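J.: Taken in sequence, the protein lines are chains E and U.
Quick note on numbering: the working numbering labels position 229 of the first sequence as 237, and the sequence is numbered without any gaps.
Quick note on numbering: the working numbering labels position 76 of the second sequence as 1057, and the sequence is numbered without any gaps.
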Amino acid sequence: MSGVRVLVGTRKGAFVLTADGKREKWDVAGPHLSGWEIYHVKGSPLDPQRLYASQSSGWFGQLIQRSSDGGKTWEPVGNKFAYDGVPGTHQWYDGTAHPWEFKRVWHLEPSLHDPDTVYAGVEDAALFRSTDAGLTWQELSGLRQNETGPRWQPGAGGMCLHTILLDRADPGRIFIAISAAGAFRSDDAGKSWKPINRGLNSPFLPDPAAEVGHCVHRIAMHPSRPNVLFMQKHWDVMRSDDAGESWREVSGNLPTDFGFPIDVHAHEPNTIYVVPIKSDSEHFPPEGKLRVYRSRTGGNEWEPLTRGLPQRDCYVNVLRDAMAVDSLDSCGVYFGTTGGQVYASPDAGDSWSPIVRDLPAVLSVEVQTLP
Amino acid sequence: MIRVVLPAHLRTLAQVGSEVQLEVALDAAGRVTQRSILDALEARYPMLRGTIRDQVTQQRRAFLRFFACQEDLSHEPPDAPLPDAVASGAEPFLIIGAIAGG
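(1) Short check: CB of E:K202 to CB of E:V224, under 7 Å?
(2) At a CB-CB cut-off below 7 Å, which residues of chain E make contact with U:F1048?
(3) In chain order, what residues of the same chain lie with their CB nearer than 8 Å to the CB of E:G142, ignoring the 5 residues before and after it?
(4) Along the stretch 1028-1054 of chain U, where does the CB come closer than 8 Å to a CB of chain E? Name the residues.
(5) Which term fits E:M229, buried or exposed, when burial requires 16 or more other beta carbons within 10 angstroms of its beta carbon?
(6) Which residue spans inside the stretch 126-178 of chain E form an unbroken beta strand (DSSP E) run of at least 3?
(7) Determine the extent of the beta strand (DSSP E) in which E:D28 is found, giving its start and end residues.
(8) Quick check on DSSP: helix, strand or coil for E:T377?
(9) Taking the CB atoms as reference points, tell me whether U:V1005 and U:I1018 lie closer together than 7 Å.
(10) My understanding is that U:T1014 touches U:L1063, with C-beta atoms under 8 Å, so please give their C-beta distance in whole angstroms.
(11) Which partner residues of U:T1014 appear in the DSSP bridge assignment?
(12) So what does DSSP say about E:E276, is it helix, strand or coil?
(13) Taking 7 Å as the CB-CB limit, is U:H970 close to chain E?
(14) Can you list, in chain order, the residues of its chain whose CB lies under 6 Å from that of E:R152, leaving out five sequence neighbours each side?
(15) Does U:P1027 come out as helix, strand or coil in the three-state DSSP assignment?
(16) Would you tell me roughly how many angstroms separate the C-alpha atoms of E:S149 and E:H98, rounded to the nearest one?
(17) Please report the distance separating the alpha-carbon of E:G344 from that of E:T26.
(18) Taking a Cβ distance cut-off of 8 Å, strictly less, list which residues of the stretch 994-1007 of chain U are near chain E, in chain order.
(19) Identify each residue in the stretch 73-96 of chain E for which the Cβ-Cβ distance to at least one residue of chain U is less than 7 Å, and report them in chain order.
(20) Mind checking if E:F68 is an interface residue toward chain U, Cβ cutoff 7 Å exclusive?
(21) By how many angstroms is the C-alpha of E:Y323 removed from the C-alpha of U:A1092?
(22) Would you mind giving the Cβ-Cβ distance between E:L313 and E:R328, rounded to the nearest angstrom? I have them listed as a contact below 8 Å.
(23) If we define contact as Cβ-Cβ less than 7 Å, is E:G142 a contact residue for chain U?
(24) Give me the Cβ distance between E:H170 and E:W255, rounded to the nearest whole Å; I'm assuming they're in contact under 8 Å.
(25) Between E:P368 and E:R19, how many whole angstroms is the CB-CB distance? I'm expecting something under 8 Å.
(26) State whether the stretch 181-191 of chain E contacts the stretch 335-342 of chain E, with contact taken as three or more CB pairs (one from each stretch) at a distance under 8 Å.
(27) Taking 7 Å as the CB-CB limit, is E:G166 close to chain U?
(28) Where do the N-terminal and C-terminal ends of the alpha helix (DSSP H) with U:L994 fall, by residue?
(29) According to DSSP, is E:E295 helix, strand or coil?
(30) In chain order, what residues of the same chain lie with their CB nearer than 8 Å to the CB of E:H121, ignoring the 5 residues before and after it?
(31) In or out: U:L1007 buried (at least 16 other Cβ within 10 Å) or exposed?
(32) Relative to the alpha-carbon of E:H40, which residue among E:P158, E:G79, E:G66 has its alpha-carbon at the smallest distance?
(33) Determine the direct distance from the alpha carbon of E:D244 to that of E:S259, and round the result to whole angstroms.
(34) Just checking: is the beta-carbon of E:G252 within a distance shorter than 7 Å of some beta-carbon in chain U?
(35) Count the other C-beta atoms from every protein chain shown that fall within 10 angstroms of the C-beta of U:P1080, then say buried if there are 16 or more, exposed otherwise.
(36) If you reduce the DSSP assignment to three classes, tell me which class U:L1022 lands in.
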């Protein structure tokens, strides 16, 4: 019988949650890599037993861990992330020039075509790739060396490259997003990049429609429609139908359009999910009610999903990489909170229940659908 | 033999006990230095690369300090000779993590 494996990164370790296809009874394993911040864990779509994890600590820096048995055991692999050439400068918070300094890996994206190839999005913003299963890393420096690079600036969480989207149909196409530079696209497998932020509006910028400088929190894509992108920006939920060449707002009737994650239903490319958060200085659900919002129309028309979620006194946040969907016939949706809960919905969001309630703060959630 | 004491998380990572013993190459003047100890430590336990000093800049991580013989050696140059008691193995070289954070 098919099943799912939920990979959870937290402030104090990684957890692996497994269930059969009913998704009612869960086994919780962990903490793995205990005591370290696990920013992200993700499995290869080609070899589900092959997992990669970003492990970091303010004391000991960055490690990358690899598992060959679905997360039961781990081995440290390469952790040398050296910028290509002289790194140069970006803008600091106060607008002064600041040298690029590697801090951590936010996101790992295994290749769709080779289990030994994996991409890493790092802070200060850059894209790295390993083609030897994480032993060595090379920067795809065309991104950082984009002519707009010296104008990039960190968001409150640091200048992180947090989203990497690969196009199954076109191996040359990669989308990435950086807080607070914006979204970028490569059509030549990462050699060169262009900013794709036309249509974004950020009133905090001197030029609200600037080419770069937008605090993009997350972008999402359905594999069957790689030209359609959905974005949760600092404020505003956005949509592009032309691979990022232009964006239009689809916040519609959301109670607030601030938030972090956004994801797409596995079988309905026009069904998307967000978790509205009150404001940029109040990172909790409005009215203390934890609600996922679903749009079946690709935006603008949203419905609250509340069954099984706390509807009073709830003041947790859901971070940008902490939502995922499985690809079982009835699409499962999952998200984790800064309060340590991981919620699962086996029916595309209609109803929810917690898999676990008391983990450390959840940084990331990914799901593998197992045969 | 040089004796090195690691912080708890690095012991777990390297799968070692409270103290490791290392053969350390002497520098040209026949001395043991911070650099020679860390080089030997990382050669024997490659998973520790980057955890004590940055892989690119070789700078000590800000929340780690080096002590020996009741002295704070953290700000000594990496090629300065360490005390004879460390070189002889009478005293350990201590790598200490800051007592901070949650």
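The beta carbon of each residue, even a glycine, is placed where N, CA and C say it ideally should be.
This structure is a prediction, so every number in the text was calculated from the model and none was measured.
T.: Quick answer:
(1) no
(2) Within 7 Å Cβ-Cβ: nothing; U:F1048 doesn't reach chain E, min ~16 Å.
(3) Y60, I72, R74, V85, G86, V126
(4) M1028, R1030, G1031, T1032, I1033, D1035, Q1036, V1037, R1042, F1044, L1045
(5) buried
(6) 126-131, 134-138, 168-174
(7) 21-28
(8) strand
(9) yes
(10) 6 Å
(11) U:P1062
(12) coil
(13) Residue 970 of chain U lies beyond the residue range present for chain U, which begins at 982 and ends at 1083; the question has no answer from this structure.
(14) A134
(15) helix
(16) 14 Å
(17) 15 Å
(18) L994
(19) P84, N87, K88, A90
(20) yes
(21) Any question about residue 1092 of chain U goes unanswered here, given that chain U covers just 982 to 1083.
(22) Not a contact, Cβ separation roughly 19 Å.
(23) no
(24) About 18 Å; that fails the 8 Å criterion.
(25) 4 Å
(26) no
(27) no
(28) 989-995
(29) helix
(30) L54, P179
(31) exposed
(32) E:G79
(33) 6 Å
(34) no
(35) Reading off the sequence shown, one finds Ile at residue 1080 of chain U, where the question assumed Pro. Answer is exposed; the Cβ neighbour count stays below 16.
(36) helix
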